[in-house]
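Residue numbers (our numbering): 12 to 81. Remarks on the structure that follows.
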């Protein structure tokens, strides 16, 4: 499954919507995604499962790069 993670670069700063970044992670569950990103200093706002037409739309983006959890 592919998840889109919305996050702020630094968990110690106040979240500002304009600074929200995203990345894509291939994992079997949201818990696995959060565990994988635990060592990074991210303030995770949302982990969203991508399916169907939403996934196709995201894949068409030039910024689409998937991190795979081994």
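All C-beta atoms in this analysis are idealised placements derived from N, C-alpha and C, irrespective of residue type, glycine included.
Within 10 Å of its beta-carbon, does residue 75 have 16 or more other beta-carbons around it, so buried, or fewer, so exposed? To locate residue 75, count along the chain shown from 1; it is residue 64. Counting the other Cβ atoms within 10 Å of the Cβ of residue 75 gives fewer than 16, which makes it exposed.
Would you tell me roughly how many angstroms separate the C-alpha atoms of residue 13 and residue 37, rounded to the nearest one? Sequence index remark: in the chain shown, residue 13 carries index 2 (1-based). Sequence index remark: in the chain shown, residue 37 carries index 26 (1-based). Near 5 angstroms, if we compare the C-alpha coordinates of residue 37 and residue 13.
Just verifying my parser: in three-state terms, what is the DSSP assignment at residue 37? Looking up residue 37 in the chain shown gives position 26. DSSP places residue 37 in strand when its eight states are reduced to three.
Per DSSP, residue 78 is paired with what? Taking the chain shown and counting its residues from 1, one reaches residue 78 at position 67. Bridge partners of residue 78: 36.
Can you have a look at residue 58 and say buried or exposed, based on whether 16 or more other CB atoms are within 10 angstroms of its CB? If you number the chain shown from 1, residue 58 lands on position 47. Looking at its Cβ environment, which holds 16 or more other Cβ atoms inside 10 Å, residue 58 is buried.
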